[in-house]
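A.B. asks: This is the structure I have questions about; it appears just below.
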Amino acid sequence: MKISRVTPRAIAEPGGRRYLVVRVDTDEGVAGYAETEARPEPRVAVDQLRRELQRLVGMDPAHAVRVDEDLRRARASLRSRAVANVACLDILGKAARAPVYEILGGPTRHKVRAMAAVTGGSDAELRESVLAARGRGHRAFSIPLTTPSGMERGRSFYTGVRATLDSLRDAAGEGCDFVLDCGGRPSPGEALSIADRLEGFHLLWMDEPCGELSATAQASISRGSVTPVGYGRGFTDNARFQDLLREDGVDVLRPALATHGLTSIRKAAALAETYYVAVAPFHCGGPIGTAAGIQVCAALPNSFVQETPFCTNRADRQARAAISGWDEEPADGFFPLSGKPGLGLEVDEGALDSYTVAR
Amino acid sequence: MNRRDLLKASLLGAAAPAFAASGRQPSTLGCDDCVVDQITLAMPSAPRLKVTGIKTFGVTSDVLPSDRPHVFVKVETDAGVVGWGEATLEGKAAAAMQAVHDLSYAIMGQDPMHVEHHWQSMYVHAFYRSGPVLASAISGIDQALWDIRGKVLGRPVYELLGGPLDDRGVRGYYHLRPVLPPDTPYREQVAAIRERAERYGITAFKTGIPGYYEWIDTHQRITEAIERLHILREVMGDHIDIGVDFHAKTSPAVAVQICREVESLNLMFVEEPCPPENVKAMKRISDRTTVPIATGERLITHYGCREVIEGKVVDIIQTDVNHVGGISALWKVGAMAEASGVMMAPHACEGPVGAVASTHVDAVMPNFLVQEICSGVEPDGKDALWEELLGYPAMRMVDGYYPLPDTPGLGIDIDERVLARYPFDGTKPFVALPVHEDGSIASP
């Protein structure tokens, strides 16, 4: 089997969320899909992927590691490598009539815990978003940290973070859990103050509590607090995960699906396994990415949850479902596993066309 | 002269003095690229007795946990003196028995008094050192050799090890096993256990944390564990020591959150707050809590304990005399721990022979804290079986202490006819094979 064509395009949901979808065709008629980010701008991203992934034509999609090594040596971007890996595995799964998790080593579980990344600029909006996600089967929620625009903090900032989370827990009710997404904005010192304030709340974890600093600086939060911390959405190499594990600085690895192939995530998980550390792939894109994350989580011994952006906007939900043939809704906090081949999706080319903004 | 030259010389009749003194020659099997040494005896004195037989007995009974039929080792000598040891290994009974027989090369025909020499042969000559199957087999043989040594010398083993430090015996703890029907509310159950503890003079207990944990876990599960321990302390009062076994069910991320919120309870220890392979991960926990941290039931030999002791990773070591490498290795672990201010609280959750052997080592360690036994405050069917096997109520405390035997050796005599009543019924897997809600494997 040989790759015959690579077709990237940029998708925009009605609410504005953008990502790239890449279709990889083969000479045997099997096509695979993958997804990555559309930064900095859809047209630029599509051009970059088309240029970098042209070299896949003629390669065997069953040789995913060789494909990745070839792209690495050609200095292709991480997103090209991620897309190539996921599409190859989708093709391989479809050719073998097996879900990707079967290809990756077989399922370690029969369902995958789900987490909704909610949005909201105020406590009221967050509450509304959490309740809407809860109504659609979610039990775990990633809450964005709102930081003051200037450098001022003051005690009220720290007490406010705790008060927001307490009120969200009250609103969500029993059996619900929270991640605080700090987005890498606080300094390590600020992050430690937040982590300290949240001890006893039992966050699932505090995500990206500070920016991409040295491993020692990043580990300082974990050393000073028992609040679990997650890092890694911006890590470009698994070596960074290894550094942070060795520095005792992380409780959850967050490799981003936009920049890590499933093979790469599986390798990161192997590093984490020896530290009794969990893996929760970061994802802020479309349904194909979510499906890929579920596939790898289903095959890992130490995955904890697969995140997906929660759309309060009905038009966005309709767009995602039309593209993927899947509603992305968990049942009582868990995504059921699809037994369908590959990523388990039936991507609708017509729907893709409807939401394409660059190709 | 290097070692190879020495061995070649010995083949030519120029044996080194140590070999000459023994009256025995080392034999050497040579090949082009290697030399395999088979030093059958390199001791300075003629043997006063010889090992003539090694037997293993698997003991299966409904009153024992299914995964741990007791594996007893009997070493026989030409003088009629026999020694008993235990090589029980959870979920691997048949493998442990076979491993004992695999080690017969080291002691058959040898002087059983040379226990250190034989330990070295079993461990060093194994080439692939360590591992629980090998170490459990070594443990069984080592205990039996110590039993023989004591019997031949006419002294209890603890006297050969340096003599007891406490005339009352060895302090112990029971497990927090229900004494009322299982559906009794937790508070009432604990209150009933406390009443019996006060009646019998028991001063320490160990319990677990409920359920199984993922490496990140939920508010509900973490809170449940914390609240349970607060209730336990409240009902048990301040005068009874409480150890809490996390059983390596938790990751550092989960364990440290629970530890932090039970610090005010002044627990005796939290045991295995994470699995044992990664010492740095364990230290990540102990660095962030004031709760004393214990580990070691799965650590193999003194080599396997060096890093956790020297790195001040934990406060208490819990190696098991049936898995660590017997009396010889448990004593060495204790010596290493003593130098670092680490206490010893040996694990014992298999059979009575190893448990009694452990008390001999406990008695002589200045840094001894407490000895486990996996029994409840009220004796049950297992205690009755042990009494039948050993002829006395083994490992039952008197006023909080296990009495030390005053007979030579380990103080154990087992009638093979009694063992025949409980024939081995094969290996069974570990007693718990849990999975999480999503079907993934949980640490038991």
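As you go down the protein sequences, you meet chains A and B in turn. Using my numbering, you'd call the opening residue of the first sequence number 1 and step up by one each time. Using my numbering, you'd call the opening residue of the second sequence number 1001 and step up by one each time. We put the CB at the ideal spot given by N, CA and C, even for glycine. This one's a predicted model, so the numbers in the text were calculated from it and none came from an experiment.
Using C-beta distances below 6 Å, list every residue in its chain close to residue 1351/B, excluding the 5 sequence neighbours before and after it, in chain order.
C.D. replies: 1070, 1086 and 1088
A.B. asks: Taking Cβ-Cβ distances shorter than 8 Å, what residues in chain A pair up with residue 1280/B?
C.D. replies: 246, 248 and 275
A.B. asks: Short of 6 Å in beta carbon distance, which residues of its chain neighbour residue 423/A, apart from the five on each side in sequence? Order them along the chain.
C.D. replies: What is shown of chain A runs 1 to 359, which leaves residue 423/A out entirely.
A.B. asks: Could you tell me which of 1437/B, 1210/B, 1117/B and 1066/B sits nearest to residue 331/A, measuring between CA atoms?
C.D. replies: 1437/B
A.B. asks: In angstroms, rounded to a whole number, what distance separates the CA positions of residue 163/A and residue 174/A?
C.D. replies: 17 Å
A.B. asks: Would a C-beta distance cut-off of 9 Å place residue 325/A and residue 346/A closer than the cut-off?
C.D. replies: yes
A.B. asks: Candidates 1301/B, 1305/B, 1398/B and 1081/B: which alpha carbon is nearest residue 1202/B's?
C.D. replies: 1398/B
A.B. asks: Could you tell me which chain B residues have their CB closer than 8 Å to the CB of residue 283/A, listed as they occur along the chain?
C.D. replies: Among the residues of chain B, none has a CB under 8 Å from the CB of residue 283/A; the nearest is roughly 17 Å distant.
A.B. asks: Between 1344/B, 1364/B and 1192/B, which lies nearest to residue 1372/B when the distance is taken from Cα to Cα?
C.D. replies: 1344/B
A.B. asks: Is the shortest distance between the beta-carbon of residue 1216/B and the beta-carbons of chain A less than 9 Å?
C.D. replies: yes
A.B. asks: Alpha carbon to alpha carbon, how far is residue 1285/B from residue 1291/B?
C.D. replies: When only Cα atoms are considered, residue 1285/B and residue 1291/B end up about 10 Å apart.
A.B. asks: With DSSP collapsed to three states, give me the class of residue 1139/B.
C.D. replies: helix
A.B. asks: Residue 1231/B: buried (16+ other C-beta within 10 angstroms of its C-beta) or exposed?
C.D. replies: exposed
A.B. asks: Between which two residues does the beta strand (DSSP E) containing residue 205/A stretch?
C.D. replies: 205 to 207
A.B. asks: Could you check if residue 1092/B is buried or exposed, using at least 16 other CB atoms within 10 Å of its CB as the buried criterion?
C.D. replies: buried
A.B. asks: For the 8 Å Cβ check, are there 3 or more pairs between the stretch 1180 to 1188 of chain B and the stretch 1113 to 1126 of chain B?
C.D. replies: no
A.B. asks: Where does residue 1134/B sit, in a helix, a strand or coil, going by DSSP?
C.D. replies: For residue 1134/B, the secondary structure class from DSSP, reduced to helix, strand or coil, is helix.
A.B. asks: Could you work out which residue in 58/A, 98/A and 153/A is closest to residue 24/A when comparing CA atoms only?
C.D. replies: 58/A
A.B. asks: Is residue 1252/B close to chain A, meaning its C-beta is less than 9 Å from at least one C-beta of that chain?
C.D. replies: yes
A.B. asks: Should residue 1108/B go down as buried or exposed, given a rule of 16 or more other Cβ atoms within 10 Å for buried?
C.D. replies: Burial call: exposed.
A.B. asks: When you check each C-beta in the stretch 1190 to 1218 of chain B against every C-beta of chain A, which residues fall closer than 9 Å?
C.D. replies: The residues in question are 1214, 1215, 1216, 1217 and 1218.
A.B. asks: Evaluate residue 941/B with the Cβ neighbour count: other Cβ atoms within 10 Å of its Cβ, from every protein chain shown; 16 or more gives buried, anything less gives exposed.
C.D. replies: Residue 941/B lies beyond the residue range present for chain B, which begins at 1001 and ends at 1444; the question has no answer from this structure.
A.B. asks: Helix, strand or coil for residue 267/A per DSSP?
C.D. replies: helix
A.B. asks: Residue 216/A to residue 187/A, Cα distance in whole Å?
C.D. replies: Rounded to the nearest whole angstrom, the C-alpha separation of residue 216/A and residue 187/A is 13 Å.
A.B. asks: Where does residue 1387/B fall in DSSP's three states?
C.D. replies: helix
A.B. asks: Compare the C-beta of residue 302/A against all C-beta atoms of chain B and say whether one is closer than 9 Å.
C.D. replies: yes
A.B. asks: Tell me which same chain residues have a C-beta within less than 6 Å of the C-beta of residue 1387/B, skipping the five on either side of it?
C.D. replies: Cβ-Cβ distances below 6 Å link residue 1387/B to 1393 in the same chain, with the five nearest sequence neighbours on each side left out; the list follows chain order.
A.B. asks: Shorter than 9 Å from the beta carbon of residue 227/A to some beta carbon of chain B?
C.D. replies: It does: the Cβ of residue 227/A has a partner Cβ on chain B nearer than 9 Å.
A.B. asks: When you compare only the Cα positions, how much space is there between residue 1221/B and residue 1248/B?
C.D. replies: 16 Å
A.B. asks: Just to confirm, does residue 1427/B get its C-beta within under 8 Å of one of the non-hydrogen atoms of the ligand MN?
C.D. replies: Absence of the ligand MN is noted for the structure shown, with no ligands found whatsoever.
A.B. asks: How about residue 1275/B: is its C-beta nearer than 9 Å to some C-beta of chain A?
C.D. replies: Yes, because at least one Cβ of chain A sits closer than 9 Å to the Cβ of residue 1275/B.
A.B. asks: Only counting the same chain, and skipping five residues up and downstream in sequence, which positions put a Cβ closer than 6 Å to that of residue 8/A?
C.D. replies: 20, 22, 46, 49 and 50
A.B. asks: Who are the Cβ neighbours of residue 1023/B in its own chain at under 6 Å, not counting the five residues just before and after it?
C.D. replies: Unreliable positioning characterises residue 1023/B in this predicted model, as indicated by a pLDDT of 37, which lies under 50. The coordinate reading is nonetheless provided below. Taken in chain order, the list of residues that qualify is empty.
A.B. asks: Is the separation between the beta-carbon of residue 341/A and that of residue 76/A shorter than 9 Å?
C.D. replies: No; because the gap between Cβ atoms is not below 9 Å, this pair is not in contact.
A.B. asks: Going by C-alpha distance, which of 1182/B, 1250/B, 1326/B and 1267/B is nearest residue 1213/B?
C.D. replies: 1250/B
A.B. asks: Whose Cβ in chain A lies nearer than 9 Å to the Cβ of residue 1179/B?
C.D. replies: Ordered by position in chain A, no residue passes the 9 Å Cβ test against residue 1179/B, which lies about 32 Å from the chain.
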